[in-house]
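I have placed the structure first, in the form of structure tokens, so that the comments after it can refer back to it.
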Amino acid sequence: MVYTDASHKGLGCVLMQEKGTVAYASRQLKIHEKNYPTHDLELAAVVFALKIWRHYLYGEKFTLYTDHKSLKYLFTQKELNKRQRRWLEFLKDYDFSLEYHPGKANVVADALSRIPIGNAETIQCHMTHEYGLLEAAARLSQSDIANDTEVLICAQVIL
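Written out as structure tokens, the structure reads:
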């Protein structure tokens with residue numbers, strides 16, 4: 001299962017199995033992405049999740065949850081812009097069903113998409129058995145790397 005969300009600050013996603021969480025990921029929006037309409041941001045969150053977890057998801061059947069209802073109908077739209085067509089072509093490589101998951105129930109992905117991390121290129125990983133995701137995000141936002149361009153936070157759980 002993959003849960004995704006986007007805000008006007010960033011993209012967030014959670015990879016889960018029946019036993020629990022496998023990984024969390026989040027990144028700040030790039031400058032040009034801040035001009036995207038909401039449905040494109042939500043689609044960008046889906047593409048972001050599938051790209052970083054390709055090694056987990058490629059060739060597997062899974063369910064993808066989003067809090068943006070219109071994404072379910074994107075696959076049947078006749079008029080798409082170039083970016084949407086490119087992303088839909090990318091999504092065809094995966095075997096998944098897209099399900100609507102109300103925003104109030106999509107708490108973790110929503111929180112990840114709103115983390116104010118500043119700017120950083122460094123990848124930071126924190127094991128969740130050492131401390132929780134929110135503490136990891138708080139430490140990262142206060143660290144000295146907050147002057148680069150992009151941050152990816154990933155917390156992996158040992159299964």
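All residue numbers for the sequence shown refer to full-length UniProt numbering, where the first residue is 1 and numbers rise by one. Beta carbons: idealized from backbone N, C-alpha and C, even for Gly.
Counting along the chain, no beta strand (DSSP E) covers Phe75, and no H or E run does either. By the Cβ neighbour-count rule, Asp5 is buried, with 16 or more other Cβ atoms within 10 Å of its own.
Inclusion of Leu74 and Leu43 in the CB contact set at 9 Å is warranted, their separation being smaller than that value. Here Leu11 is buried, its C-beta having at least 16 other C-beta atoms within 10 Å. With fewer than 16 other beta carbons inside 10 angstroms of its own, Phe90 counts as exposed. The DSSP-derived three-state label of Tyr24 is strand. For Lys61, the enclosing beta strand (DSSP E) starts and ends at Lys61 to Thr66.
Counting only residues of its own chain and dropping the five nearest sequence neighbours on each side, Leu98 has a CB closer than 7 Å to the CB of Leu64, Thr66, Leu71 and Lys72. Taking C-beta separations shorter than 8 Å and ignoring five residues to either side along the sequence, the partners of Thr38 in its chain run Ala6 and His68, following chain order.
Rounded to the nearest whole angstrom, the CA to CA distance from Leu80 to Tyr3 is 24 Å. For Leu15, the uninterrupted beta strand (DSSP E) segment begins and ends at Gly10 to Gln17. The three-state reading of DSSP puts Leu50 in helix, counting H, G and I together. When the Cα atoms are used, Arg54 and Phe96 turn out to be separated by approximately 13 Å.
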